[in-house]
Amino acid sequence: MSEARSAPAPGIDVERESVTADELAELGVDLADHPGSTAADFKRYPVLSEGGWYVVVKHQPTLTTVDKRKWTLLGPVKLVSEGLHFS
Amino acid sequence: MTDNGETRIRDLSDAEFHARYSCDRYTATVLSNRMRYIVEHMCTNLLHHAFSGILRDWYDFAATISGPKSTNYSMSTVSNSLVLFSGAMEHAVRNAVEEFGIDKLRQGDVLMVNDPYRAGNHVNDICFIRPVFHDGEIVTFVALRAHQLDMGGVVPAGFSAVKKDVYENGLVIPPMLIYRDDEPIDHGFHLIFDNARYAALLLPDMITIYQNLLLGERLMRESIERYGVEAWLGGIRYSVDVPAESMAEAIAAIPDGVYTGGDLVDADGIDDTREYEIKVTITKIGSHMELDFSGTSEQARTSINCGMFDTLTAVGIALKYMLDPTTPFNSGVYRNVDVVVPPGTLIGATPPDGAVFIYWEASQPVLLSVFRALQAAVGEDAVAGDYGSLSIHNGHGVTEDGTPWVTVAQCGGEHGPWGATKHGDADSYNAIYLANNLDPATEAIESDLPIVVLRKEYVIDSAGIGYHRGGAAALRDSMFLTPANHTSSPVHTKRSSGTGVVGGGDGRPGAVWLLPAEHYDVAERKDLVPLEDPEVYRTSTPISGLLDPETKAPDPEKGEYFWFGTQPLWRTQPRDVFRYITNGGGGWGNPLEREPERVLRDVRDEYFSIEAAARDFGVVISGDPHTDPEGLVVDEEATRRRRADLLTRQA
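So the protein lines, in turn, are chains B and P.
The opening residue of the first sequence carries number 1 in my numbering; numbering runs sequentially from there.
The opening residue of the second sequence carries number 1001 in my numbering; numbering runs sequentially from there.
In structure tokens, the structure reads:
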């Protein structure tokens, strides 16, 4: 039987990284195509979707993906055996 | 036109269709159907020839077809078997083949992998993958994931909410060969059978699985020979594109906006001071959707977590249920859907501490969270919650002659009610929304194991009320004839999982007890353990639920929470009984609009009592449903007055 009052375990967020105007320019993004937007409206973060893990840069107000790159097979997961050198 | 400027598939000219899919429309349809036939044929064959109960009686497996590397291992086809496997299989195939090395594969190989972090699900679910070659090139992968009765770890058969890390959890197999040149690889089998219990059952099951991979391969080769390899590959692309387009259109049809939902899991196996919360924020713009699970609780300290691919499965299935139920499920469902999963959470566990075993207890709440978030977007298409948790039971012992026995998911709360929809009342005895299993037959349980299934019935007044009612909770009493050890994992009894929608009511939360023979001996009394006798509950050992602390009877409103983890292993003596009551399913729509004759039928069938009919539905009924069920009568005038009164209060 519960003696103590229970509370939810702390939450964890996925960080959405800021993207600079220079980075957007390197990605070929023309801010003129997103009227009223600045670089602050774009964020970079990992997503799971069809095909596996990607790191995307999205225009947050419209969810338009301006860059999508395949990430590692397991995304943020680090295996227990990762980093060992077997040979 | 689709939103990416492409012509819809149905609007393609014959030439355009051929250019995209390397065959005509008719052939693409035939091949798409043929792929579904192949995986169903494999599954039927496995069902008929499996030895262990978890495959033979539970249907705990799934078969899939994936394209070659050039398609990014696009998963065109999944079988109509265990849904929990479906979404993760795309990634299991890709990750296993890529890590092993696609150039190292050759005809006659079978790869296996069971790592939850690489392939989803849990370690007992080994995914067997066979490359199918044509003219020396891999053109397809056929895969069969099937639950193995045991994969080592601290609990026989593995089902436990108290295992603390990957080391206690069981054997982890990275992508490795189990067959080469169609010959078994001894060290692969030794790896398993030197770590796993019940090898006598596992080995013939694995040989059967291998044979079914060969069956799938043979049927594919026949298709490729008949239609050509380009048409076959076009058929894979077509099979994936159809649900992708259909889902995109379904997403576009709901209002743009931000929708939130969530669910709570009672506790892990360490203590009951921590609940685990799932949060989802769904942003829908145009035909795209992003589901962000930020804010979800950090991973549990025991094996109630799921991996990220399991979360992805739950999202895809939830969207199919709510938005696009008419096209097949495959990897195309996710084309316009991005899922953001925080690592190190209950639904995105990471090794070595984030143990994953009873993973559906985390991923099923993901599905319910999506249901809750989107009910505002879909209106009357909302789907009420189901019983939500398998409350899985796992027991083991030895018979008098020393033969070990194990029961897996046969004597807990594994089957129960669904929630209602706009289409009608919910069924009351199914697998959770994220599964599609059979229910082990009582005869099979009692003939294989020293167990007597005493009761398997519905619980009155447990279903969510509504214009369409939810399914009733299921009650199961099981008596164990030899001394035994049990793990019991009911992790969702604190609050209802069966959320009502469109004005419907919630289902009642369930509970679990151990009823010792020393207080009520079924054999001695020659009668079932009563349902309502206060003495039965007072002398019980509560395992989980909201119960009155004095009487130990269910009290969902004011009861205190009893935690399943007070004993990592529940020990029983001969003729002790476990009683499981599942959560009830949610209702759909206003109960005061339910036709009185339908309420009368519910009372006759003891889904609801006469008291509940009057209290919750405003239908006044006289008679005795137990002794004269066909003599029940609706008092129409009293019903009119009662409903008018309730409608005034409702307003």
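Note that beta-carbon positions come from the ideal geometry of N, C-alpha and C, so glycine has one too.
Values in this document were obtained by computation on a predicted structure and should not be read as measured data.
- Examine chain P for any beta-carbon lying closer than 8 Å to the beta-carbon of Gly-83/B, and answer yes or no. Not an interface residue.
- Thinking C-alpha only, which one of Leu-1632/P, Val-1340/P, His-1187/P and Thr-1541/P is nearest Asp-13/B? The closest CA to that of Asp-13/B, considering only Leu-1632/P, Val-1340/P, His-1187/P and Thr-1541/P, is found on Val-1340/P.
- Just the C-alpha distance for Lys-1279/P and Gly-1136/P, rounded to the nearest angstrom, thanks. A direct Cα-Cα distance of roughly 48 Å separates Lys-1279/P from Gly-1136/P.
- Three-way DSSP call (helix, strand, coil) for Cys-1043/P in this model: Looking at Cys-1043/P - three-state DSSP - the assignment turns out to be helix.
- Task: Starting from Phe-1100/P, trace the alpha helix (DSSP H) both ways and give me its first and last residue.
- Result: Going by DSSP, Phe-1100/P is part of the alpha helix (DSSP H) stretching over 1083-1100.
- Is it buried or exposed for His-1187/P, if we count other Cβ within 10 angstroms and need 16 for buried? Result: exposed.
- Item | Interface flag, Lys-78/B vs chain P, CB-CB below 8 Å | Yes, contact with chain P.
- Query: Which residues mark the beginning and the end of the beta strand (DSSP E) in which Lys-58/B is found?
  - Reply: For Lys-58/B, the enclosing beta strand (DSSP E) starts and ends at 52-59.
- Query: Counting Cβ pairs, one atom from each stretch, are 3 or more of them under 8 Å apart for the stretch 1330-1350 of chain P and the stretch 47-60 of chain B?
  - Reply: Taking 8 Å as the limit for Cβ pairs, the verdict is that the stretch 47-60 of chain B does touch the stretch 1330-1350 of chain P.
- Task: Let me know the alpha helix (DSSP H) ranges lying completely inside the stretch 1421-1499 of chain P, each 4 residues or longer, listed in chain order.
- Result: Look at the stretch 1421-1499 of chain P and you find these whole runs of alpha helix (DSSP H), each 4 residues long or longer: 1442-1448.
- Select from Glu-82/B, Phe-86/B, Thr-64/B and Leu-74/B the residue whose C-alpha is nearest the C-alpha of Thr-1283/P. If we check each option's Cα against that of Thr-1283/P, Thr-64/B comes out closest.
- Cβ of Ser-6/B within 8 Å of any chain P Cβ: Ser-6/B counts as touching chain P.
- Where does Ala-1200/P land, buried or exposed, given buried means 16+ other C-beta within 10 angstroms? Exposed is the call here.
- Message: Could you tell me the alpha carbon to alpha carbon distance between Thr-1403/P and Met-1151/P, rounded to whole angstroms?
- Response: Between Thr-1403/P and Met-1151/P, the C-alpha separation is close to 19 Å.
- Query: Are any of the Cβ atoms in chain B nearer than 8 Å to that of Thr-1539/P?
  - Reply: So, not an interface residue.
- Query: Using a beta-carbon distance below 8 Å, is His-1519/P in contact with chain B?
  - Reply: Not closer than 8 Å to any Cβ of chain B, the Cβ of His-1519/P fails to qualify, so no.
- Could you spell out the range, first to last residue, of the beta strand (DSSP E) harbouring Glu-1560/P? For Glu-1560/P, the enclosing beta strand (DSSP E) has its first and last residue at 1560-1562.
- Query: So, helix, strand or coil for Trp-71/B, using DSSP?
  - Reply: Trp-71/B: coil per DSSP, three-state reduction.
- Message: Here's the rule: buried if 16 or more other CB atoms are within 10 angstroms of the residue's CB, otherwise exposed. What is Arg-1197/P?
- Response: Per the 10 Å Cβ criterion, buried.
- Query: For Leu-1149/P, which of Arg-1237/P, Arg-1221/P and Arg-1056/P has the nearest alpha-carbon?
  - Reply: Comparing Cα positions, the closest option is Arg-1056/P.
- Round the Cβ separation of Ala-1157/P and Asn-1394/P to the nearest angstrom and send it over; I've been treating them as touching at under 8 Å. The pair is a contact, with the Cβ atoms about 5 Å apart (cut-off 8 Å).
- Status (buried if at least 16 other CB within 10 Å, exposed otherwise) for Arg-1218/P: Sixteen is the threshold: since fewer than 16 other Cβ atoms of the shown chains lie within 10 Å of the Cβ of Arg-1218/P, the residue is exposed.
- Can you have a look at Ala-4/B and say buried or exposed, based on whether 16 or more other CB atoms are within 10 angstroms of its CB? The pLDDT assigned to Ala-4/B is 48, lower than 50, so where the model puts this residue is not dependable; a value taken from the coordinates is nonetheless given after this. The residue in question, Ala-4/B, is exposed, as its Cβ has fewer than 16 Cβ neighbours within 10 Å.
- Task: Pull out every residue of the stretch 42-73 of chain B whose Cβ sits closer than 9 Å to any Cβ of chain P, in chain order.
- Result: When C-beta distances to chain P are compared with 9 Å, the residues of the stretch 42-73 of chain B below that value are Tyr-45, Pro-46, Val-47, Leu-48, Ser-49, Glu-50, Gly-51, Gly-52, Trp-53, Tyr-54, Val-56, Lys-58, Gln-60, Pro-61, Thr-62, Leu-63, Thr-64, Thr-65, Lys-70 and Leu-73, in chain order.
- Message: Taking the beta strand (DSSP E) that His-1288/P belongs to, which residues open and close that run?
- Response: His-1288/P -> beta strand (DSSP E) spans 1288-1292.
- Item | According to DSSP, residues forming a beta bridge with Lys-1284/P | As computed with DSSP, Lys-1284/P is found in a beta bridge with Gly-1257/P and Met-1289/P.
- When we look at the beta-carbon of Val-1258/P and count the other beta-carbons within 10 Å, is it buried (16 or more) or exposed? In summary, Val-1258/P is exposed, with fewer than 16 beta-carbon neighbours lying within 10 Å of its beta-carbon over all protein chains present.
- Can you find a CB in chain P that lies within less than 8 Å of the CB of Ala-40/B? Not an interface residue.
- Message: Using the Cβ count rule (16 or more neighbours within 10 Å means buried), how would you classify Gly-1216/P?
- Response: Burial call: buried.
- Message: Using the Cβ count rule (16 or more neighbours within 10 Å means buried), how would you classify Asp-33/B?
- Response: Answer is exposed; the Cβ neighbour count stays below 16.
- Can you check whether the CB of Trp-1588/P is closer than 8 Å to the CB of Gly-1504/P? Yes, Cβ-Cβ distance for Gly-1504/P and Trp-1588/P is below 8 Å.
- Consider the Cβ of Ala-9/B: report whether some Cβ of chain P lies at a distance smaller than 8 Å. Yes - at least one Cβ of chain P is within 8 Å of the one on Ala-9/B.
- Query: Can you check whether the CB of Ile-1392/P is closer than 8 Å to the CB of Ser-1489/P?
  - Reply: Taking 8 Å as the Cβ cut-off, Ser-1489/P and Ile-1392/P qualify as a contacting pair.
- Within chain B, partners of Val-1341/P - CB distance below 9 Å: Near Val-1341/P (Cβ distances below 9 Å), the residues of chain B are Val-14, Pro-46, Val-47, Leu-48, Gly-75 and Pro-76.
- From Phe-1309/P to Asn-1121/P, what does the alpha carbon distance come to, in whole angstroms? Straight-line Cα distance between these residues: approximately 8 Å.
- Find the nearest neighbour of Asp-1425/P within the set Val-1529/P, Leu-1515/P, Val-1398/P and Gly-1385/P, judged by alpha-carbon distance. It is Gly-1385/P whose Cα lies nearest to the Cα of Asp-1425/P.
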